[in-house]
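Asker: Residue 25 is where the sequence shown starts when you use this note's numbering, and the numbers rise one by one after that.
Think of the CB as a built atom: it goes at the ideal place given N, C-alpha and C, for glycine as much as any other residue.
Because the structure is a prediction, the values reported are computed rather than measured.
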Amino acid sequence: MKILITDPLSPEGIKILKEEGFEVDEVGKLAPEALAEKIKGYDGLIVRSGTKVTRLVIESADKLKVIGRAGVGLDNVELNPATEKGIIVMNSPEGNTISTAEHSFALILSLMRNIPEAHRSVKEGKWEKKGFTGTELYRKIIGIVGFGRIGQRVAQYARAFGMEVLVCDPFISEEKAVAAGVSTVELETLVKTADLITLHMPITEETRGIIGAKEISLMKPTAFIVNSARGGLVDEKALDEALASGKIKGAALDVFENEPPTGNPLLNHPNLIVTPHLGASTREAQDRVALDICRQISDYLKRGVITNAANLPSVSEKMLSFLKPYLNLCEKLGLFLAQAAPGRFNRVQLEYYGEMAEMDLSPLQHGFLNGLLRPSQGPGVNYINAPLLARERGIKFSESKSAEALEFANIITATVSGNGTGLSVSGTIFGKKEPRLVKVDGYLVDAVPEGFILFCQNEDKPGIVGKIGAALAERQINIAGMTLGRKEKGGPAITILNVDAAVPEETLDQIKNIKEMNSVKLIKL
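Put into structure tokens, the structure is as follows:
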């Protein structure tokens, strides 16, 4: 398999790929048009922040399975086109954490102690101690907007300096905040209260300009802003006006909306410290992110292990070993329901029972939806893009878990519904990872979800099995397995037959015309 690398990468990471037997091509930074031509024939692509992986690049790829970003930000990779095409997008967020957090604190200390201006003054032969009186961190309030890995590390450093830490992040639980020694607040409270605000979050439509004119107007006149995360989180026009008017005391930026920030009026302010996007620029961080992304790419292409994927749940090697048969089962449940369900459906549900309910089962959703959509969407649907395609088609997905063990140690029940109709099917794993259907619409069954299945809904009357068998025998179609299910004697029942070949339409019509038959469907799994 071939890997293309288009940005500088540590030799240690490249060594890993070559030792794993990959053919590695290193080229310089390519414009999207040139990369679109070059990408053909490659299984993997590794980039840093310099290469833009656009829709054109992704649609031009003919073999690409994975895109790896050495570092955190994925602003330069168009995620939706990759997901649509079934290409996994990974990053390596942990390698940059320490480096970026340390750089944030370097900016904080430099800003609050006037170090760049004092340095310049001494170099010019001056000795102006009074002009560079600073501000202590001790007992000041730091407001951290975004509490991921980097935000948490910054909080640790701040507490070591004796600072009170406020955090604004909708995804942090109260328990986690207490454990980290921080207080959670709304953004408005944070900007009003903090002596120093530092940002640590990705740039999205929701986070762009999160610190704007309104937020700055609420800040203390002695407050500082630090952004070493992503350009655009702070409204640069509003910041320019605040620095010019003295609304805030100062700011430090490692990132800008447009880089390099040529001609940016912000650069004219003496109370602004700037660095050229150095957050991840340490030898240690460069080595770590390269090693991490190269291991991740290798693990995925060689072993199917998914780590730090932006468009698919991460799965460790141990978890993959456990989940693999259940992924297969969920795909079969989806395929079964797509072909057996009456009418259209717009709601689907997965229910997990037993020991597995304690685990992260999010990958199983992808397997189920992949099977559910494949009969109608064809080969264009896959594990990666199935949830996206389901949402685009207005299908609402839900899931539930219960540690209660039912008939088996682990059972998965899948249900589709819509327009007043629906169908459910339950499955489990027998013995050596063998999938089984164990219940259909509440009827207990025992069917192997493989090959061709004849799914019959009929009345519980004598002779029904013989009539079905006779119709199949006329066409020399062998029955490989059969299971019957009923809830009460003489009432509605189901018959499921595994057959060795596809059943012709005329034979299906013949079976449908059996007096006791309500419906017949041929299902291909």
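(1) Quick check on E230: does DSSP put it in helix, strand or coil?
(2) V527 and I503 - do their beta-carbons sit closer together than 8 Å?
(3) Taking DSSP's pairing of strands, which residues face C480 in a bridge?
(4) Report the partner residues of G446 according to the DSSP bridge assignment.
(5) Which of helix, strand or coil does DSSP assign to L38?
(6) What's the C-alpha gap between E152 and K261?
(7) Report yes or no: do three or more beta-carbon pairs, one from the region 34-46 and one from the region 304-322, lie closer than 8 Å?
(8) Which ranges does the alpha helix (DSSP H) cover as unbroken runs of at least 4 residues, wholly within the region 271-333, from first to last along the chain?
(9) Could you check what DSSP says for N120 in three-state terms: helix, strand or coil?
(10) Across which residues does DSSP place E530 in a beta bridge pair?
(11) Give the straight-line distance between the Cα atoms of C354 and L397, rounded to the nearest whole angstrom.
(12) Below 8 Å, can you find three or more Cβ-Cβ pairs linking the region 172-180 to the region 144-159?
(13) Count the other CB atoms within 10 Å of the CB of Y376; is the residue buried (16 or more) or exposed (fewer)?
(14) How is E355 classed by DSSP in three states: helix, strand or coil?
(15) One question on the structure: do I435 and C480 come within less than 8 Å of each other, judged by their Cβ atoms?
(16) Using C-beta distances below 7 Å, list every residue in its chain close to E540, excluding the 5 sequence neighbours before and after it, in chain order.
(17) Rounded to whole angstroms, what is the Cα-Cα separation between H127 and P337?
(18) Classify R93 as helix, strand or coil using the three-state DSSP reduction.
(19) Which parts of the region 145-189 are runs of the beta strand (DSSP E), unbroken and 3 residues or longer, counting only runs that do not cross its ends?
(20) Measuring CB atoms only, is the region 344-362 touching the region 286-298, in the sense that at least three cross pairs come out at less than 8 Å?
(21) Cα separation between I536 and K342?
(22) Confirm, please, whether the CB-CB distance from L88 to I63 is below 8 Å.
Answerer: On the basis of the data shown:
(1) Looking up residue 230 in the sequence shown gives position 206. For E230, the three-state secondary structure derived from DSSP is coil.
(2) For this step, residue 503 is matched to residue 479 along the sequence shown. For this step, residue 527 is matched to residue 503 along the sequence shown. Not in contact: I503 and V527 (Cβ atoms no closer than 8 Å).
(3) Numbered from its first residue, the sequence shown carries residue 480 at position 456. Answer is T519, V544.
(4) Taking the first residue of the sequence shown as position 1, residue 446 is located at position 422. Partner(s): S441.
(5) As a first step, residue 38 must be located in the sequence shown, where it is residue number 14. The question names Leu, but residue 38 is Ile in the sequence shown. In the structure shown, I38 sits in a helix (DSSP, three-state: H, G or I).
(6) Position 128 of the sequence shown holds residue 152. Position 237 of the sequence shown holds residue 261. Their Cα atoms are separated by approximately 32 Å.
(7) As far as the Cβ criterion goes, the region 34-46 touches the region 304-322, which means the pair count is three or higher.
(8) DSSP runs (the alpha helix (DSSP H)) wholly in the region 271-333: 307-327.
(9) Walking along the sequence shown from the start, residue 120 turns up at place 96. DSSP places N120 in helix when its eight states are reduced to three.
(10) Stepping through the sequence shown from its first residue, residue 530 is reached at position 506. According to DSSP, which records beta bridges pairwise, E530 is partnered with nothing at all.
(11) Your numbering for residue 354 matches position 330 in the sequence shown. Your numbering for residue 397 matches position 373 in the sequence shown. A direct Cα-Cα distance of roughly 12 Å separates C354 from L397.
(12) The answer is no - the region 144-159 does not touch the region 172-180, with fewer than three Cβ pairs under 8 Å.
(13) Here residue 376 corresponds to residue number 352 of the sequence shown, with the count starting at 1. Y376 comes out buried.
(14) The residue labelled residue 355 in the question sits at position 331 within the sequence shown. Shown here, E355 sits in a helix according to DSSP, grouped into three states.
(15) Residue mapping note: residue 435 aligns to position 411 of the sequence shown, counting from 1. Residue mapping note: residue 480 aligns to position 456 of the sequence shown, counting from 1. For I435 and C480, no; Cβs fall outside 8 Å.
(16) Your numbering for residue 540 matches position 516 in the sequence shown. Closer than 7 Å at the Cβ level, and outside the excluded window around E540, lie N482, E483, K485, I488.
(17) As a position in the sequence shown, residue 127 is number 103, starting the count at 1. As a position in the sequence shown, residue 337 is number 313, starting the count at 1. H127 and P337: Cα-Cα distance of roughly 30 Å.
(18) On the sequence shown, position 69 is the one that residue 93 refers to. Here R93 sits in strand by DSSP.
(19) Taking only runs of at least 3 residues, the beta strand (DSSP E) segments lying wholly in the region 145-189 are 165-169.
(20) Judged by Cβ distances under 8 Å, the region 344-362 makes no contact with the region 286-298, as fewer than three pairs qualify.
(21) Counted from its first residue, the sequence shown places residue 536 at position 512. Counted from its first residue, the sequence shown places residue 342 at position 318. Residue identity check: residue 536 is Lys in the sequence provided, not Ile. So the alpha carbons of these two residues sit roughly 47 Å apart.
(22) Residue numbering aside, residue 63 sits at position 39 when the sequence shown is read from its first letter. Residue numbering aside, residue 88 sits at position 64 when the sequence shown is read from its first letter. Yes, the pair counts as a contact, with Cβ atoms nearer than the cut-off.
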